[in-house]
Each structure stands twice: as structure tokens, then as C-alpha cells.
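Numbering (full-length UniProt numbering), first residue to last: 1 to 684.
Printed below as a string of C-alpha cells:
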């Protein structure tokens, strides 16, 4: 046995090893380990006795910022954050919140990795996977105090370790963020470390192979009912990963024990990935299982007992490798293969020759009568029942490529309807299982605003390979209108799970608020956030660009005078070497439309550099604007709208996106005025 002195040396070595391993880790015991707070915001206080750093509302201010020293890790790593939010207010509109951002070198925007607002009586743990990257980075913690006058946020420890968050040897007191789902009778407990709190004779741990090491175990001695279940739940994965999950277990049983490993996604779907085969394994046995998590999942280790004499299960050394256990290369399915914006062709979609050409790929020149496509406003989309197929009882079927079975999918697409008396049945989505015998309708149009690109989203999961099929049909010629389809996108994971993911950095859809934008002055000459059509007829959009039923921002010309300006200014963006691409959608419809301009304002410069301008009425559609610019200095982007000669001058903007790197496409004209010559022509 180790002497007390040797044990303390071992503990010191382990601590020293941890300190040496992970730059950016801090227990906030005597110092902040190179973490710095920003003096323009609320101060963080280092509490020596309690070993934490905290911020509260005793000072005036809205938020506190804490940033790590510069870090670099080319290996996959795991950030663990031990924190507590204390709040008395139940205010749901503006709660106290702790956010964690990743600030990568060469990026103008911080990427939100995680956010929490739940108050608690004790510390909580968050685990975040950080994919390998060659870029240097900083971790930035932001405490938002909200409306509560007596709120506080404490951070006890930040730990960055090489490896994956689902890995654990159970040697640390916070158990790597693994949680036991409490059950009145059977639970997972920590074993080892000379703990003798069980009536069963438990093993030495696997990590250190000594009585000092720790593992997790579940014992049947407290079982009261048939089929009692204990669950140990891993931290949820935050980055797509696939490979080999391995763990060591011991199973001692006198009557049947069922030991199962599941994946559980955000929607609560369980997928069994492993089950014990042997009746007994008195020594530590390794289990390996192929693991595929393209979307966030938890790993659940579940033990079910049938009686109190069931024995026990012990678990230790959970590990992950990005290489599959078996020789298989894994599912190489890329969801982009089942997505299409129809700009070049039909991508991997096709039509059955028996049906005839029910869907045609068309393009509309910019005009004030008929909307263009959703992708850019002047590109291609699909139209069913065009002049080639306008006969009674036409049917158009568009088949997607084959999708692998047993994966959760989110299908999103945009559709627009024109000229229908009855909406039902005009557009439906079916799932065809591979043999084409089983057809299941998973969506159909109920009602939607006419002529507005509206987003639909559907989550589905099928055990067998399947295809998505878009079907448009009408029974009689008099019922038939036009059905338009564009921007089909498929993602892995349910739509609900995707909606829970943090937003893209540098993106603003105006769905919740004004994001990173502010106005120089409110009142007359200001930008308004709105959904649906604008109040004045024959000007402004009929719906937003993001979903068709969401929010956009616009100037209300009837509140302004001719020549009056409205400014929308971004917050200061970090300067970076290299090019930046700004994409946005603008709507300039109305006989009296004025000007829309975009400017670059560099820090320390008085001049605003014009980047882009449009003058006068442009189209009844949302049109895409693209701007490529460079700024090594910190800078702001300014959108300026000028009211035109009449009240039919509502100008709108939506879906602003900043990206590092060159724009993938180039906009032919940066500065244009007047109106295109040809009106309302459909090109086939």
C-alpha cells in the first residue's frame, strides 16, 4: 500500500501533470491564470477562499467579459466549465446568462459554443468539444446580468484537456460531466478509492489497477421491483464525430442483468448500439462499438436488474478514437448530395419519364410583377404546371437521391403558390422506401400566402434506405395554378435539434432582434423590424426572406420626407488580414423607391468608403447583394437607406451574413441605377 507521503506526491504529480497538459485551464485559486477581464464592462472578482471568480450586480453594467490567454491545440480537445448562476428573478424575457465563445485568429466574429441561463443551488458542469484546428484561439466568457437586481455568476474551474468530452476514467471528482439519472432504488455510484459502501465485493479499478483508482458501478442489492433500471448519461456531444467508442466493464450476476449502451438525440430518440453478450465477465473486459454522431447525442449506459440477487456491473475508462473499430470506412453520406438550389441543373434530383416533364427549371428576369427565385432573386427555380404541361390531371414527381436508413434527417425547402382556388394537394412530400412499394406522405400544403417564398421543414427517420419525392398535381384544369420549388436542403439531425444549435457567427436574420446592429437615431428616419407586408400597397415585401413568415427590417416611407436618411450601423468588427464577404438580401419595390447604400467605416478614419449602391425600383423579389472587402483595421459596416419621391418607397433588408474569405460568386454590378428593360419574361 502507498504511504501517506507517497499518496500526496502522486496527487501533486497528477496536479502538476494537469497544469502542464492544459494551457487555458484554471481553478481560480490564487490567480486568474492569465484570464483577463475587460475594463469597459463589469469587473470579475477573484474569491480566494471559495476558489472561484464571480461577477454580480453590485456595479452598474449589463455584462462582464473574461478572455483566456492565446491558446493553440492541433489536437481535438474538451473544455469543461464548472459554474453557477444565482438569480432570484423568474424574468424569462431578459434572464441572467453565461455564454462561452470561441475567438479564432483571422475571424471578425466570435463563435458562440454554449449558453446557459438556468439558476441553480450548486455548481453545474458544461462539457464542450473543440475540433482540431491549426488556428490560434481564445476562449471568451460573457456574463449577461439581465434584469435581476441581485443576480450573480460564479466560475469555479475551466479545464481544457486533450481528447473527447465523452471519454472518462472517473478519477476526477466531477466525473467528466457524466450524470446518474436518479432512481429511488438503483443508481450508479463511484467505486474504488478504498470506498467500501457496498455489500458486494467490488473490484480494483481498471485505470490504475489499484484500490486507489475509481470507476462507476451499479449494484442490485437495493432492487425492489422487477426490471429496475439505472442510467449513466454522458455529456452531450457538441461537434459531429464518428469512430470507435470503447470502455471496460465487469459483470457479476446471479440472475439476468441486461447491460445496454444507447445513443439519445435531442428529441429523445433512443438508438441501441451495444448489448452484453456474455453471461459473466469477472475480469475487466473491453467492449468496442462503432459510433456515429453527426448531430448532438448523449451516450447512455443502462443496466436493468430482475432481482436483488442480480450482482453488479462496473464501468471504467471510456475512450473514443476517430477511426472505426471494424475495418469499415463508415457511412460516407454527405447531406449536401440531397440538397439543391437549381442554379446549374437538377443536381441529384430526377423525374420519372413515365410522368412526363411535370417540373421545369425556369428563370425570371428582374421585374415588378412576378417574383424570381429564392436563392438570389434572379436565378433558377422549379415550376410545376408551366405552359408546357397545363393540361387537366397533370402530375409532377421530383425524386431525390437515395438516403441511408436509420439516420435522423431534417428536410427544408421553399415553395410559392400562384393562382390556385384550392390549396390542398397542390404540393406534397412523400417518402418512398427503396422498393417503392411503401409510400408515406409526410407533408402537404395546408394554406400559405400566395406568391411568397415560404419555408417548410420536416424531420424524419426511416429504418430502411429511402427517397424524398416532391409531388404536385391537380385534378381539373380550372383548379390548376403554378407551384414553385427552390432551395431544397437536407441536414443530419432533427429540425428541432438544429434549431437549438448556436447561430452562425456574423449572421443576422432579424427573427429575434437587431443582432449586432444599432441605429444612429430612433423615431423618424429609422429602420423598423416587421413581419408580413408593409402598410402601404404597391411597395415593400409581402413576407421576409428567411422563412416567408418571419421578420425583416425596412424604412417606412410614409413616416419620412423625401431625401431623409436612415442608418443601420454594425457593432465594431475585428480587422483581419485577407478578404471578407458580406451577403445580404434587399427589397426595393415601389414606383418612388430611393437609394440603398452600404459603407465601410474603418476605426480612426473620418471617411466612410462606399462599397455598394442601388437606386430606384429594382424588383418585386428579394434580391441578393454580395460585397467583397478588406480591412485589417477594426471597422463598422453601415447600411444607409434614403427615402424616394413618394410613399411607395419602402426599402427592406434581411438575412445579413459576414464570412471570412473571398465571395464564392461575384456580383456583376456594385453600383446601379434605374430599372431593367425587360419585364415579366419567363426563360426556360
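In this text, a Cβ means the ideal position worked out from N, Cα and C, and glycines have one as well.
Residue 101: buried (16+ other C-beta within 10 angstroms of its C-beta) or exposed?
-> buried
Residue ranges of each beta strand (DSSP E) run of no fewer than 3 residues wholly in the region 562–615, ordered along the chain?
-> 565–570, 576–588, 595–602 and 609–615
Sort 426, 453 and 452 by Cα distance to residue 445 and report the nearest one.
-> 426
DSSP beta-bridge partners of residue 528 = 554
Could you please give me the residues that DSSP links to residue 154 through a beta bridge?
-> 54 and 84
Determine contact between the region 634–645 and the region 588–599, defined as no fewer than three beta-carbon pairs at a distance below 8 Å.
-> yes
6 Å Cβ shell around residue 685 - same chain, five flanking residues per side excluded | The question about residue 685 has no answer here: the residues shown for the chain are numbered 1 through 684.
Can you grab the Cα-Cα spacing for the pair residue 664 / residue 579, in whole Å?
-> 12 Å
Nearest-angstrom Cα distance between residue 111 and residue 396?
-> 42 Å
Name the residue from 505, 504, 64 and 527 whose alpha carbon lies nearest to the alpha carbon of residue 514.
-> 527
Excluding the 5 residues preceding and the 5 following residue 512 in the sequence, name in chain order all residues of the same chain whose CB lies nearer than 6 Å to its CB.
-> none
Below 8 Å on the Cβ atoms is my guess for residue 68 versus residue 136; work out the distance and round it to an integer in Å.
-> Actually they are not in contact, since the Cβ atoms of residue 68 and residue 136 sit about 11 Å apart, beyond 8 Å.
Among residues of its own chain, excluding the 5 on either side of residue 207, which ones have a beta-carbon nearer than 8 Å to its beta-carbon?
-> 169, 170, 171, 213, 214, 215, 316 and 317
Do residue 492 and residue 240 have their CB atoms nearer than 9 Å?
-> yes
Thinking residue 650 and residue 604 are a contact (beta carbons under 8 Å), I'd like their distance in whole angstroms, please.
-> Actually they are not in contact, since the Cβ atoms of residue 650 and residue 604 sit about 35 Å apart, beyond 8 Å.
What did DSSP end up calling residue 535 once you bin it into helix, strand or coil?
-> coil
Rounded distance between the beta-carbons of residue 381 and residue 485, thought under 8 Å = 7 Å
Range covered by the alpha helix (DSSP H) that runs through residue 500 | 495–500
Please go through the same chain and pick out, in chain order, the residues whose beta-carbon is closer than 7 Å to the beta-carbon of residue 3, but skip the five residues on each side of it.
-> Caution is warranted here: a pLDDT of 41 is assigned to residue 3, below 50, making its placement in the model unreliable, and the coordinate value is therefore given only provisionally. Same-chain partners within the cutoff: there are none.
Between the CA atoms of residue 643 and residue 561 - distance to the nearest angstrom = 7 Å
With C-beta atoms as the reference, is residue 451 less than 9 Å away from residue 418?
-> yes
Nearest-angstrom Cα distance between residue 221 and residue 306?
-> 11 Å
Cβ shell of residue 77 (< 6 Å), same chain only, five flanking positions each side left out = 130, 160 and 162
Using the DSSP secondary-structure output, state which residues sit across from residue 311 in a beta bridge.
-> 253
Host beta strand (DSSP E) of residue 181 (start-end) | 179–181
Please state whether DSSP places residue 117 in a helix, a strand or coil.
-> coil
Whole-number beta carbon distance between residue 106 and residue 576, since they are thought to touch under 8 Å = 5 Å
Contact check, residue 270 vs residue 299, beta carbons under 9 Å = no
Sheet register partners of residue 353 (DSSP bridge) = None, per the DSSP bridge assignment.
Please report the Cβ distance between residue 646 and residue 592, rounded to the nearest whole angstrom; I am assuming they are in contact, meaning their Cβ atoms lie under 8 Å.
-> 3 Å
Starting from the C-beta of residue 465, find all residues in its chain whose C-beta is less than 8 Å away, skip the five residues before and the five after it, and write them out in chain order.
-> 402, 403, 404, 405, 433 and 434
From residue 56 to residue 205, what does the alpha carbon distance come to, in whole angstroms?
-> 42 Å
Helix, strand or coil at residue 549 [DSSP, three-state] = coil
Report yes or no: do the region 59–75 and the region 170–187 share at least 3 C-beta pairs separated by less than 8 Å?
-> no
Whole angstroms is fine: what's the gap from residue 342's alpha carbon to residue 277's?
-> 50 Å
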